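When we follow UniProt numbering, the leftmost residue of the sequence shown carries the number 1, and every step to the right adds one.
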Amino acid sequence: MSTETIERRVTTPKIAPRYRVLLHNDDYNSMEHVVQTLVQVVNLSQPQAVDIMMEAHTNGCALVITCVKEHAEFYCEGLKSKGLTSTIEPES
């Protein structure tokens, strides 16, 4: 009787790198438009959108959301399509 050895490779899933979606202040869009766009594109609540808009207005830039790269690119493009200035950057 022969014995067969089966090797099992243990793989650990890699965690996808996360990216920050940033909203930059501009002199073109109204505060109401910025809030409405954040609610529509990123699915934020009204109070969350107001806080982000005010931070961008006050500091020049605000963190909108941190997520995987594909989602960050999607949100960034969505904000840009509505006339807002947005960028993404790696979280770390």
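The C-beta atom is built at its ideal place from N, Cα and C for all residues, glycine as well. Keep in mind it's a predicted model, so treat the numbers as computed, not measured.
Helix, strand or coil at residue i according to DSSP, with G and I counted as helix
i, result
"Tyr28", "coil"
"Ser86", "strand"
"Val42", "helix"
"Thr37", "helix"
"Ser81", "helix"
"Glu73", "helix"
Continuous alpha helix (DSSP H) stretch holding residue i: start and end
i, result
"Ala56", "46-59"
Sheet register partners of residue i (DSSP bridge)
i, result
"Thr66", "Arg20"
Distance CB(residue i)-CB(residue j) smaller than 8 Å
i, j, result
"Ala72", "Tyr19", "yes"
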